[in-house]
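Residues in the sequence shown are numbered from 3 upward in steps of one, following the numbering used here.
Yeah, the Cβ is synthetic: ideal placement off N, Cα and C, and Gly gets one too.
Just so we're clear, the structure is a prediction, and the values are computed from it rather than from any experiment.
Okay, structure first, notes after.
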Amino acid sequence: MGFWGYYVVGRSARPLAELAALSGVRDGLTLHEQRADGWQIWEATVPEVGSMTKVADETGAPALFGFVMDSDCVAVEAAGPESGAWNACLAREAMAGYLGADGKEPDDLFLPPRDAAERAVGWAAEAGRVADVEQVEQVLNAPAEPSAELLFFRFLERLGIPGQ
């Protein structure tokens, strides 16, 4: 069985776990990684983390989460204080398998890959990062090999949030 849970990504001078926007899940958050320029990645194995719009508003910076489903696929919700909210999924075919049980498909819940890539590039620009729409779209269309977690971290790198 793979990982089920959230990665919460934001930029703040203080720990994201201290934000009022995440107060309902504070006890379920664990710092996964700190990156350059104040970027933080927290892990949560709670049923829901809340609104990335509230996190973005509180920090004054773009924020996003990735909900990893059994290491197979990732539901992404992102928001920026200026650009607003958007969503996407990683490992689209695997996501289709999960959604198919409810008679849905990825396009019912998530932006198509090209639209999501364009929103992601805007999100990155608002964060002061440079992202290439083609490279972001490639990640959005990629399978989760070897895992959805690694695909999520590749997505962050394509958004200009490099690993350490």
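Would you list, in sequence order, the uninterrupted beta strand (DSSP E) runs of no fewer than 3 residues that lie entirely inside the segment 80 to 144? Counting only runs of 3 or more, we get 86 to 92.
Rounded to whole angstroms, how far is the Cβ of Cys-75 from the Cβ of Met-54, which I believe are closer than 8 angstroms? The Cβ separation is near 18 angstroms, so there is no contact.
Inter-residue CB distance, Arg-28 and Ala-19 (contact presumed, cutoff 8 angstroms): Indeed they touch by this definition, with Cβ atoms about 6 angstroms apart.
DSSP has Thr-32 in a bridge; who is on the other side? Glu-45.
Between which two residues does the beta strand (DSSP E) carrying Phe-155 extend? Phe-155 -> not in any beta strand (DSSP E); alpha helix (DSSP H) instead, spanning 150 to 160.
Among the candidates Pro-115, Gly-162, Val-141 and Phe-154, whose CA atom is the shortest distance from the CA of Glu-128? Nearest C-alpha to Glu-128 among Pro-115, Gly-162, Val-141 and Phe-154: Gly-162.
According to DSSP, Phe-69 sits in a beta bridge with which residue or residues? Paired residue(s): Tyr-8 and Ala-77.
Output yes or no for whether 7 angstroms exceeds the beta carbon distance between Ala-119 and Leu-142. For the 7 angstroms CB-CB criterion, Ala-119 and Leu-142 form a contact.
Presumed contact (8 angstroms Cβ cut-off) between Arg-160 and Val-132, rounded CB distance: Wrong, their Cβ atoms sit about 10 angstroms apart, outside the cutoff.
Got a sec, what are the start and stop residues for the alpha helix (DSSP H) Met-170 sits in? Since the first residue of the chain shown is 3 and the last is 166, residue 170 is not available in this structure.
Based on Cα-Cα distance, which residue from Leu-111, Lys-106, Gly-130 and Ala-65 lies nearest to Ala-232? Given a span of 3 to 166 for the chain in the structure shown, any question on residue 232 remains unanswerable.
Can you list, in chain order, the residues of its chain with a C-beta nearer than 8 angstroms to that of Gly-52? Leave out the 5 residues immediately preceding and following it. Within the same chain, and ignoring the five residues on either side of Gly-52 in sequence, the residues whose Cβ sits closer than 8 angstroms to its Cβ are Ala-23, Leu-24, Gly-26 and Val-27.
Rounded distance between the beta-carbons of Glu-107 and Leu-101, thought under 8 angstroms: Yes, they are in contact, since the Cβ atoms of Leu-101 and Glu-107 sit about 6 angstroms apart, within 8 angstroms.
If you drop the 5 nearest sequence neighbours on each side, which residues of the same chain put their C-beta closer than 6 angstroms to that of Leu-31? Excluding sequence neighbours, Leu-31 sits near Ala-19, Trp-44 and Ala-46.
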